[in-house]
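Residue numbers (this note's numbering): 114 to 733. Read through the structure below, which is laid out as structure tokens, and then see the notes.
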């Protein structure tokens with residue numbers, strides 16, 4: 114096996130590695146997944162949850178593209194919630210709580226059932242490079258494995274250093290060794306490397322908690338799911354709980370600040386802005402006398418609890434002492450304390466949009482190695498790297514998702530164009546076309562692309578075409594159906610909307626605030642027709658009618674911007690020769706080497722005036 118020449122070798126079996134290996138193998142590449150520990154394939158290293166704001170959209174996109182994250186999340190879910198339902202559909206974001214052990218098990222089973230995929234347990238300590246091209250890897254056992262392309266998804270393992278108070282341990286996850294050798298080799302080849310930090314909260318014994326002092330958070334009454342395939346829907350769910358810290362907790366934590374690696378200078382690297390440690394929150398938001406914590410179960414059959422919001426690298430005695438003053442935690446037993454972890458990453462401006470490195474051909478980076486944080490961000494990158502590694506070695510064209518096509522497109526473009534100084538997390542606000550990139554239409558946006566790549570089967574495509582067809586039918590019916598005042602006014606009255614004095618089309622009525630298709634279904638002849646359609650179809654038709662104007666406007670903006678996407682900048686273009694460019698623009702443009710005018714415009718520090726200068730220079 115290890116004597117064969119693989120098409121794609123994937124290093125690391127976290128969320129990015131698993132998606133990369135699955136995509137490459139499913140497209141027909143002979144693929145090898147090398148991991149330090151076969152027991153931790155698809156491990157949820159931090160919170161036992163998938164999705165959330167903007168991240169849920171990514172999981173649905175991965176699913177529409179034929180990836181596995183949505184399927185695995187559905188099969189191991191213990192709770193489902195659609196977040197932001199009080200806002201518009203661009204903001205609706207699905208999220209699941211998951212059974213940590215089952216999630217990893219489902220990932221392993223899915224991969225073991227994927228043809229063309231081999232596994233090997235060992236640490237990769239270096240790459241085999243010939244003429245600036247990667248041709249294989251060397252493991253810690255000294256085994257050379259040949260491969261035509263390599264995808265690195267090392268997560269937090271590259272020179273990982275774990276901090277608990279003033280104690281330091283080398284490791285990629287608590288209880289697991291770190292990986293070394295790769296960073297040093299890549300730096301000697303001319304790559305820029307940096308350090309980042311992330312952290313994790315304590316895990317505690319659920320039997321030692323008093324839930325009566327906490328606020329219960331149940332899952333949705335009618336739980337949906339991530340995958341567009343026929344994965345099971347939840348019939349029973351486990352609850353989470355909410356609780357708050359208080360001043361006493363904060364005072365105890367403050368006492369330990371002098372022993373905190375975050376404050377005494379031991380940790381220099383930057384942690385995730387939107388997932389700060391509890392000591393960071395107390396320090397940064399000193400005016401707040403309490404912080405929200407989510408008490409999350411780790412699975413159906415375990416008593417282990419994840420204390421979301423209490424991430425910490427303070428000494429374990431301080432963590433335990435402080436926790437005991439949280440309501441319901443008076444007798445808490447800790448399974449494992451929270452810790453911080455520092456690891457190597459490579460600024461992503463060193464990559465092309467395919468996630469191939471600019472310096473070494475056929476070498477791809479995906480996941481936390483690119484400075485991102487989050488399972489979903491990693492999985493989305495893994496998918497794209499796996500597709501492109503396969504395409505490259507089989508002489509097929511590159512596969513890139515644009516910013517108006519997917520959140521995954523926004524994520525990769527942001528990383529490559531702007532780089533990141535701190536762990537990058539996706540938000541809906543990062544997408545300028547978020548009304549087009551909703552969670553409900555990921556299949557409509559991407560399934561056809563996946564089918565062309567060979568990642569989605571014909572039945573998936575057929576299903577999407579049916580969905581489009583049926584939602585158009587229902588839209589047509591609502592646009593053509595007239596509602597007389599006597600029929601519609603009682604319903605308008607019930608939502609405190611002004612009555613009408615003449616007949617209006619159902620679609621027109623539907624555009625009113627607080628009006629929903631569900632409300633219109635109180636009219637028998639509407640219910641008769643709409644009742645024939647599935648919920649998903651109804652949702653699609655309703656969104657298309659309600660937001661038609663906005664969606665059209667957004668599509669117009671896309672067309673405008675696409676014009677700039679088509680204006681190519683010649684390769685090896687010398688920006689320093691254009692005197693009228695600002696010095697920052699020259700510097701940034703030279704560093705990133707954008708391929709199009711639109712991409713140049715997205716680089717932070719490049720102003721609209723600089724873009725105009727470039728357009729003039731390129732004769733536009």
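For every residue, glycine included, the Cβ atom is placed at its ideal position computed from N, Cα and C.
From the options, residue whose alpha carbon lies closest to that of residue i
i, options, result
"residue 596", "173, 611, 616 and 283", "616"
"residue 485", "146, 384, 333 and 406", "384"
"residue 521", "150, 139, 167 and 127", "167"
"residue 569", "355, 659, 435 and 340", "340"
"residue 687", "573, 708 and 669", "708"
"residue 197", "540, 463 and 276", "540"
"residue 551", "452, 589, 652 and 343", "652"
"residue 131", "648, 268, 334 and 246", "268"
"residue 475", "437, 467 and 150", "467"
"residue 217", "195, 244 and 181", "181"
"residue 355", "407, 282 and 276", "407"
"residue 228", "159, 144, 279 and 242", "144"
"residue 377", "489, 624, 427 and 129", "427"
"residue 357", "334, 327, 381 and 350", "327"
"residue 559", "172, 138, 299 and 162", "172"
"residue 234", "190, 245 and 123", "123"
"residue 618", "637, 232, 600 and 594", "594"
"residue 625", "660, 636 and 603", "660"
"residue 425", "449, 334 and 443", "449"
"residue 401", "279, 410 and 391", "391"
"residue 138", "380, 507 and 188", "507"
"residue 169", "297, 141 and 538", "538"
"residue 153", "199, 394, 116 and 224", "224"
"residue 72", "386, 461 and 509", "Residue 72 is absent from the model: the chain starts at 114 and stops at 733."
Which residues DSSP lists as bridging residue i, in chain order
i, result
"residue 464", "470"
"residue 281", "276"
"residue 310", "455"
"residue 163", "209"
"residue 231", "145"
"residue 709", "681"
"residue 318", "417"
"residue 286", "289"
"residue 618", "595"
"residue 423", "Bridge partners of residue 423: none, in fact."
"residue 496", "DSSP lists no partner for residue 496."
Counted within 10 angstroms of its Cβ, other Cβ atoms place residue i as buried (16 or more) or exposed
i, result
"residue 399", "exposed"
"residue 701", "buried"
"residue 499", "buried"
"residue 523", "buried"
"residue 118", "exposed"
"residue 206", "buried"
"residue 192", "buried"
"residue 265", "buried"
"residue 208", "buried"
"residue 572", "exposed"
"residue 373", "buried"
"residue 527", "buried"
"residue 291", "buried"
"residue 729", "exposed"
"residue 272", "buried"
"residue 533", "buried"
"residue 270", "buried"
"residue 254", "exposed"
Nearest-angstrom Cβ-Cβ length linking residue i and residue j, presumed shorter than 8 Å
i, j, result
"residue 574", "residue 654", "At roughly 20 Å, the Cβ-Cβ gap does not stay under 8 Å, so residue 574 and residue 654 are not in contact."
"residue 155", "residue 134", "Not really, about 11 Å apart at Cβ, beyond 8 Å."
"residue 241", "residue 262", "That belief does not hold up - the Cβ atoms of residue 241 and residue 262 are roughly 12 Å apart, past 8 Å."
"residue 421", "residue 458", "Their Cβ separation, rounded to whole angstroms, is 24 Å, which puts residue 421 and residue 458 out of contact at 8 Å."
"residue 501", "residue 477", "7 Å"
"residue 643", "residue 623", "So it is not a contact: roughly 11 Å between Cβ atoms."
"residue 163", "residue 136", "Incorrect: roughly 18 Å between the Cβ atoms, too far for contact."
"residue 460", "residue 529", "The pair is not a contact, with the Cβ atoms about 10 Å apart (cut-off 8 Å)."
CB contact below 8 Å: residue i versus chain C
i, result
"residue 124", "Given the protein chain composition of this structure (a single chain), no chain C is represented."
Inter-stretch contact (C-beta, 8 Å, three-pair minimum) for the stretch 504-524 and the stretch 544-556: yes
Three or more C-beta pairs below 8 Å linking the stretch 600-613 and the stretch 555-570: no
Stretch pair the stretch 681-700 + the stretch 711-720: three plus CB contacts closer than 8 Å: yes
Stretch pair the stretch 173-182 + the stretch 286-297: three plus CB contacts closer than 8 Å: Using a Cβ-Cβ distance cut-off of 8 Å, the stretch 173-182 and the stretch 286-297 are not in contact, since fewer than three pairs of beta carbons, one from each stretch, lie closer than that value.
Inter-stretch contact at 8 Å, needing at least 3 Cβ pairs: the stretch 357-366 / the stretch 427-447: yes
Segment contact flag, the stretch 489-497 with the stretch 314-325, C-beta cutoff 8 Å, min 3 pairs: no
Given 8 Å, three or more beta-carbon pairs between the stretch 442-453 and the stretch 306-316: Yes, the stretch 442-453 is in contact with the stretch 306-316.
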